[in-house]
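The next block holds one structure in the form of structure tokens; read it before the comments.
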């Protein structure tokens, strides 16, 4: 039997996150077909555990299963995570059984458990993009990277939303046994062995600008002509302000400089066109105001971590 991977579940566990750990590590085999991992599910107390669906699972193992594990994985719990910066006593007691130096990883908001346990001190972490604001509020001293699918701090790892757990598990298998074993595990479970970019590409695009602001008319004007050059002086004139006053007001009302705001709106326009049309990349670049395909690729890579072609393949899919 291979290395033990213990999955610590709590009431409110997401079934997909529990299942993906078993599927992926269970699919990792040697050249001779021997399983490389033994995956066990445990809870702070053995017995029934509620999921966030309409069924309950039974954890046959209690926290003692953590003691002999080489890797411990903590999935999310919609019932327990994001409440406060502390740990429920049973969870703290379970984590105390983990042998120092054991690799421990979180999926989605399981990062809140690792942070509350002090395991993320001095490390970079991530969690689901919808939970990043709450994480930063509870743990302002931890370096949070909301744009990546997972982080690897050696013996402590974190991942973003549910499906990013797949990326993290494959990464750990790849780290342990090489790319070939990870690729075969991915092939067996029919998932990509590696996804491009980070979770920034999955954050919804804002659909409208907030109204009622003194720079609102200028922003609406700019949005209507993203395919053409837009200067700061023109936007200031639309608001009947000097450039200096407009610059100050714009930052107060949007939290960013006008140039930065314009780049982000052009990225949003490009995302929309890539998702909803079959326009060539150069045409998308022109319509979004980036001018050339090279410029669009540069900005999309900087903001989302992917190329226009990869983004379109992910969110538009193959033509029917």
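In my numbering, the protein residues as written are 1 to 320.
Backbone N, C-alpha and C fix where the C-beta goes; we use that ideal spot for every residue, glycine too.
{"Item": "Sorted by chain position, which residues of the same chain lie with C-beta nearer than 8 angstroms to residue 208's C-beta, five sequence neighbours on each side aside?", "Value": "Since pLDDT at residue 208 reaches only 47, below the 50 mark, its modelled position is unreliable, and the value read off the structure follows with that caveat. Once the five neighbours on either side are set aside, residue 208 has no close Cβ partner at all."}
{"Item": "Determine whether the beta carbon atoms of residue 107 and residue 76 lie at a separation below 8 angstroms.", "Value": "yes"}
{"Item": "Looking at C-alpha atoms only, which residue of 299, 165 and 141 is the closest neighbour of residue 24?", "Value": "165"}
{"Item": "DSSP three-state call for residue 107: helix, strand or coil?", "Value": "coil"}
{"Item": "Kindly indicate which residue of 262, 131, 267 and 10 has the alpha-carbon position closest to the one of residue 219.", "Value": "262"}
{"Item": "Count the CB pairs spanning the segment 60-72 and the segment 108-118 that are closer than 8 angstroms, and state whether there are at least three.", "Value": "no"}
{"Item": "Does the structure place the segment 88-104 close enough to the segment 17-34 that three or more beta carbon pairs sit under 8 angstroms?", "Value": "no"}
{"Item": "Within a Cβ cutoff of 6 angstroms, which residues of the same chain sit near residue 52, ignoring the five residues on either side of it in sequence?", "Value": "12, 14 and 78"}
{"Item": "So, at 6 angstroms on beta carbons, what are the nonlocal neighbours of residue 145 in its own chain, with the 5 sequence-adjacent residues on each side left out?", "Value": "124 and 126"}
{"Item": "State the Cα-Cα distance for the pair residue 312 and residue 92, rounded to the nearest angstrom.", "Value": "44 angstroms"}
{"Item": "Using the Cα positions of residue 3 and residue 174, report the straight-line distance between them to the nearest angstrom.", "Value": "14 angstroms"}
{"Item": "In chain order, what residues of the same chain lie with their CB nearer than 8 angstroms to the CB of residue 87, ignoring the 5 residues before and after it?", "Value": "95, 113, 116 and 117"}
{"Item": "Give a yes or no on whether the C-beta atoms belonging to residue 246 and residue 266 are separated by under 8 angstroms.", "Value": "no"}
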